[in-house]
Amino acid sequence: MKVPEHVAIIMDGNGRWAERRGHPRFYGHVRGTKQVRKVVRTADRLGVKALTLYAFSTENWNRPAHELNVLWKLLKKFIRSELEVMNKQNVRFRVFGQIDRLDPELQTVINEAVDKLAHNTGLQLNFAISYGARSEIIQAIKRFGADCLSGKESFESLDESKLNQYLWTAPLEGLSDVDFVIRTSGEMRVSNFLLWQSAYAEYYFTETCWPDFGEKEFVKAIETYGCRNRRYGRTSLDEKIDPPSSIVH
Ligand code: FPP
Numbered sequence: 010m011k012v013p014e015h016v017a018i019i020m021d022g023n024g025r026w027a028e029r030r031g032h033p034r035f036y037g038h039v040r041g042t043k044q045v046r047k048v049v050r051t052a053d054r055l056g057v058k059a060l061t062l063y064a065f066s067t068e069n070w071n072r073p074a075h076e077l078n079v080l081w082k083l084l085k086k087f088i089r090s091e092l093e094v095m096n097k098q099n100v101r102f103r104v105f106g107q108i109d110r111l112d113p114e115l116q117t118v119i120n121e122a123v124d125k126l127a128h129n130t131g132l133q134l135n136f137a138i139s140y141g142a143r144s145e146i147i148q149a150i151k152r153f154g155a156d157c158l159s160g161k162e163s164f165e166s167l168d169e170s171k172l173n174q175y176l177w178t179a180p181l182e183g184l185s186d187v188d189f190v191i192r193t194s195g196e197m198r199v200s201n202f203l204l205w206q207s208a209y210a211e212y213y214f215t216e217t218c219w220p221d222f223g224e225k226e227f228v229k230a231i232e233t234y235g236c237r238n239r240r241y242g243r244t245s246l247d248e249k250i251d252p253p254s255s256i257v258h
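Letter by letter, the sequence shown follows residues 10 to 258 of the numbering used here.
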């Protein structure tokens with residue numbers, strides 16, 4: 010099976026999943042966290058090299074305080090409880106986003122996990138938290154501009170690979186481009202997620218809400234990727250059909 014190197018997932022539909030079942034919205038996040046564990050393990054087993062999960066967007070800050078508190082608690086609990094398992098699995102861990110806006114305790118938990126798993130060489134697991142692609146690009150341009158003003162960089166040197174070095178995904182180096190984006194819950198939007206890195210990504214949308222998206226659904230999505238023909242703006246490499254002479258003459 011052809012497996013994408015970098016898979017990014019917009020884990021959507023937790024709230025609707027819970028509401029449809031008569032539960033409070035937070036219960037959807039609780040069930041969604043269980044699926045995170047399953048999908049991380051399945052990605053590792055399939056040989057995915059990098060997995061980026063959209064856990065919280067810059068726009069999500071507008072949610073009620075009690076829902077935010079549940080999300081922070083779940084994130085802390087997930088990182089603490091999975092740390093040893095991830096270490097045994099040789100998983101490396103990173104977080105992309107406006108981390109300084111997070112509660113200091115969560116920042117500490119994140120930093121300790123990143124440090125502990127930094128020397129691992131297996132699956133690169135990334136959480137996008139307080140993440141927005143436009144904010145990411147703006148901070149990259151600002152930092153590059155500051156480096157130009159201080160003489161460390163020159164404006165002429167700006168190209169795609171240079172900008173990559175200023176994005177939050179810079180530590181991923183050769184893996185920063187996303188191959189496959191999955192969005193659950195039937196919404197067909199990109200929602201400010203890895204806009205630069207997904208320039209040539211394949212997209213997969215499913216009606217399944219995130220709390221129901223487990224191993225089987227993930228494998229099905231990856232199989233779909235295997236059938237895609239990625240052309241990067243070229244024609245199919247094996248397409249050698251001459252145009253009719255009426256068109257070219
Ligand atoms: C979208 O569903 C989901 C989120 C905003 C949060 C995702 C968080 C988790 C899966 C739990 C913790 C995460 C990790 C990585 C351990 P929604 O609430 O927008 O659903 P709706 O569109 O139905 O309202």
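We put the CB at the ideal spot given by N, CA and C, even for glycine.
With a Cβ-Cβ cutoff of 7 Å, do F214 and Q44 count as a contact? On the sequence shown, residue 214 is found 205 positions in, with the first residue counted as 1. On the sequence shown, residue 44 is found 35 positions in, with the first residue counted as 1. For F214 and Q44, no; Cβs fall outside 7 Å.
Where the beta strand (DSSP E) containing N78 begins and where it ends: By 1-based counting over the sequence shown, the position of residue 78 is 69. First-last for N78: A74 to K97, but that is the alpha helix (DSSP H), not the beta strand (DSSP E).
Applying the 10 Å Cβ sphere with the 16-neighbour rule, what's the burial state of E114? Numbered from 1 along the sequence shown, position 105 holds the residue referred to as residue 114. E114 should be labelled exposed.
With burial defined as no fewer than 16 other Cβ atoms inside 10 Å of the residue's Cβ, what is the status of Y134: buried or exposed? The residue you call residue 134 lines up with position 125 of the sequence shown. Note on residue identity: the sequence assigns Leu, not Tyr, to residue 134. It is buried - the Cβ of L134 has at least 16 other Cβ atoms within 10 Å.
Is it right to say E68 is buried, meaning 16 or more other beta carbons lie within 10 angstroms of its own, or is it exposed? Translated into the one-based positions of the sequence shown, residue 68 becomes position 59. Answer is exposed; the Cβ neighbour count stays below 16.
Under 6 Å: does the beta carbon of V45 sit that close to some heavy atom of ligand 1? Numbered from 1 along the sequence shown, position 36 holds the residue referred to as residue 45. Yes.
Whose CA, out of Y209, A127, L203 and E224, lies closest to the CA of S66? Along the sequence shown, one-based indexing puts residue 66 at 57. Nearest C-alpha to S66: L203.
Does the beta carbon of R25 fall short of 6 Å from some heavy atom of ligand 1? Within the sequence shown, the letter at position 16 stands for residue 25. Checking every heavy atom of ligand 1 against the Cβ of R25, one is found closer than 6 Å.
Contact between the region 22-38 and the region 94-109 is defined here as three or more beta-carbon pairs at a separation below 8 Å; is this criterion met? no
Please determine whether the Cβ atom of F189 lies at a distance below 6 Å from any heavy atom of ligand 1. As a position in the sequence shown, residue 189 is number 180, starting the count at 1. No - ligand 1 has no heavy atom lying nearer than 6 Å to the Cβ of F189.
What residues are listed by DSSP as bridge partners for H15? As a working mapping, residue 15 is identified with position 6 in the sequence shown. For H15, which the question treats as bridged, DSSP gives the partners A59.
Pick from L181, W177 and R34 that is closest to W219, judged by C-alpha positions: As a position in the sequence shown, residue 219 is number 210, starting the count at 1. For the residues L181, W177 and R34, the minimum Cα distance to W219 belongs to R34.
Nonlocal neighbours in the same chain, by C-beta distance under 8 Å from A208, ignoring five residues either side: Here residue 208 refers to the residue found at position 199 when the sequence shown is read from its first residue. In chain order, D186 place their CB closer than 8 Å to the CB of A208, counting only its own chain and leaving out the 5 sequence neighbours on each side.
Looking at R143 and Y175, is the spacing between their C-beta atoms short of 7 Å? Taking the sequence shown and counting its residues from 1, one reaches residue 175 at position 166. Taking the sequence shown and counting its residues from 1, one reaches residue 143 at position 134. No; because the gap between Cβ atoms is not below 7 Å, this pair is not in contact.
DSSP puts R103 in a beta bridge; with which residues? The count along the sequence shown starts at 1 and reaches residue 103 at position 94. Partner(s): N135.
M20: CB within 6 Å of a non-hydrogen atom of ligand 1: If you number the sequence shown from 1, residue 20 lands on position 11. For ligand 1, at least one heavy atom lies less than 6 Å from the Cβ of M20.
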